[in-house]
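Chemist: Just so you know, the protein sequences line up as chains E and D, in that order. The first sequence begins at 1 in my numbering and counts up by one. The second sequence begins at 1001 in my numbering and counts up by one. Cβ atoms here follow ideal geometry from the backbone N, Cα and C, with glycine treated the same way.
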Amino acid sequence: RKEVEQDPGPFNVPEGATVAFNCTYSNSASQSFFWYRQDCRKEPKLLMSVYSSGNEDGRFTAQLNRASQYISLLIRDSKLSDSATYLCVVNKIGYSTLTFGKGTMLLVSP
Amino acid sequence: DARVTQTPRHKVTEMGQEVTMRCQPILGHNTVFWYRQTMMQGLELLAYFRNRAPLDDSGMPKDRFSAEMPDATLATLKIQPSEPRDSAVYFCASALRDTQYFGPGTRLTVL
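Structure below.
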C-alpha cells in the first residue's frame, strides 16, 4: 500500500459546483496533515492544514478521519481559479519530512 | 514577502555534464529540503538539512548526486554526470516547523 494515495482525476466540474477529494494514508501514527495546491508548471503551495477537529477556510473545508485513515477536502462554489492539482500531504513519523501524494487534478469549467 | 529562491529556473544540458542548482531558503528557516518532481513519480524527497547538517539523503542516487549547505543562506544540489533520466523539476523548500514553503523550481532537461 502506498504511503499516501489519491485519485489522480481529473475531476471536471462546472463553476459553482461542490467537489470533494479524498486521500488515504497508510501510517496510522501519522500526526500532521496538509493540503497543498499546485498550479500547472508552478511550485506547490500550502492550501490548509488539517486538524483532528476539521477546519474551514472560506469555501474550503478539510476533514480528518483517523479511524479510517483518510483526509478529505471539500470545495464549495467552485471558481475557475480553483483549477489546479491538489496534493495530500502527511508527515512521516520519526522524521521531519512530509510525504506527498501524487495529487488530484481539478478542472473547473465555465 | 519572504520567498524561497532557486537558480537557474531552466537548464538544458547534455548527458555527462555537471549540473548545479542553487537555493536560498527563507531567512530564519532552519530546515531545507530538495525534491524532484516527474509526472510518473510525483514529488520525491531527495535530501534535507536542519541547521545546515544533512539529516537524510536516502532518496538521492549517491553515485551522481550530492547536496550541500555551505551556509545558512545557500543550499546546492549537484548532479555529475547528468543523465537523461535526471530530467525533472527540482524543488527546494524551507521550513521552520511543519509547513514547507517551496521555491519556483529548476526545470532540468538532459539531452
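Which of the three DSSP states is assigned to E:D82 in this structure?
Modeler: In the structure shown, E:D82 sits in a helix (DSSP, three-state: H, G or I).
Chemist: I'd like to know if the region 1095-1106 of chain D and the region 1005-1016 of chain D are in contact, where contact means that at least 3 CB-CB pairs between them fall below 8 Å.
Modeler: Yes, the region 1095-1106 of chain D is in contact with the region 1005-1016 of chain D.
Chemist: Please list, in chain order, the chain E residues whose beta carbon lies closer than 9 Å to that of D:G1042.
Modeler: Ordered by position in chain E, the residues that pass the 9 Å Cβ test against D:G1042 are L87, F100, G101, K102 and G103.
Chemist: Can the beta-carbon of D:I1079 be found less than 9 Å from the beta-carbon of D:F1091?
Modeler: Their beta carbons are not under 9 Å apart, which means D:I1079 does not touch D:F1091 by this criterion.
Chemist: Which chain D residues are close to E:K45, counting only those with a beta carbon under 9 Å from its beta carbon?
Modeler: Within 9 Å Cβ-Cβ: Y1101 and F1102.
Chemist: For my contact list, D:S1082 and D:V1004 are in at a C-beta cut-off of 8 Å; report their separation, rounded to the angstrom.
Modeler: With a Cβ gap of about 23 Å, D:S1082 and D:V1004 do not count as contacting.
Chemist: Name the chain E residues whose beta carbon is nearer than 7 Å to that of D:L1046?
Modeler: Neighbours of D:L1046 on chain E: none; closest Cβ ~11 Å, over 7 Å.
Chemist: I'd like the list of long-range same chain contacts for D:E1044, defined as Cβ closer than 7 Å, with 5 residues on each side in sequence excluded.
Modeler: Cβ neighbours of D:E1044 beyond the five flanking positions: Y1035, R1036 and G1059.
Chemist: What residue does the beta strand (DSSP E) around D:R1107 start on, and which one ends it?
Modeler: Counting along the chain, the beta strand (DSSP E) containing D:R1107 begins and ends at T1106 to V1110.
Chemist: Following the continuous beta strand (DSSP E) through D:M1060, name the residue where it begins and the one where it ends.
Modeler: It is not in any beta strand (DSSP E) - D:M1060 carries neither H nor E in the DSSP assignment.
Chemist: Who are the near neighbours of D:V1012 in its chain, counting only those whose CB is closer than 6 Å to its CB and skipping five residues on each side?
Modeler: Cβ within range, chain order: T1109.
Chemist: Between the alpha carbons of D:A1002 and E:S53, how many angstroms are there, rounded?
Modeler: Straight-line Cα distance between these residues: approximately 30 Å.
Chemist: If you scan the region 1026-1092 of chain D from start to end, which runs of the beta strand (DSSP E) of 3 or more residues do you find wholly inside it?
Modeler: List check, beta strand (DSSP E) in window: 1031-1038, 1042-1050, 1053-1056, 1065-1071 and 1074-1079.
Chemist: In chain D, what lies closer than 8 Å to E:N170 by C-beta?
Modeler: Residue 170 of chain E lies beyond the stretch modelled for chain E, which goes from 1 to 110, so this question has no answer here.
Chemist: Taking the alpha-carbon positions, what's the E:Y36 to E:Q6 distance?
Modeler: Looking at the two C-alpha atoms, the distance is approximately 13 Å.
Chemist: Taking 6 Å as the limit between beta carbons, can you name the residues of its chain near D:L1096, skipping five residues before and five after?
Modeler: Once the five neighbours on either side are set aside, the close Cβ partners of D:L1096 are H1029.
Chemist: If the criterion is Cβ atoms closer than 9 Å, does the pair E:V4 and E:C88 meet it?
Modeler: Yes.
Chemist: With H, G and I counted as helix, E and B as strand and the rest as coil, what does DSSP make of E:D57?
Modeler: Note: E:D57 maps to strand in three-state DSSP.
Chemist: Check each candidate in D:V1089, D:V1032 and D:D1098 and name the one with the smallest Cα separation from E:K42.
Modeler: The option with the nearest alpha carbon to E:K42 is D:V1089.
Chemist: Using the C-alpha atoms, what's the distance from E:D39 back to E:S49?
Modeler: Those two C-alpha atoms are separated by around 18 Å.
Chemist: According to DSSP, is D:M1015 part of a helix, a strand, or is it coil?
Modeler: If DSSP states are grouped into helix, strand and coil, D:M1015 belongs with coil.
Chemist: Compare the beta carbon distance of E:G101 and D:G1042 with 9 Å and say whether it is the shorter of the two.
Modeler: Cβ distance < 9 Å, so E:G101 and D:G1042 count as in contact.
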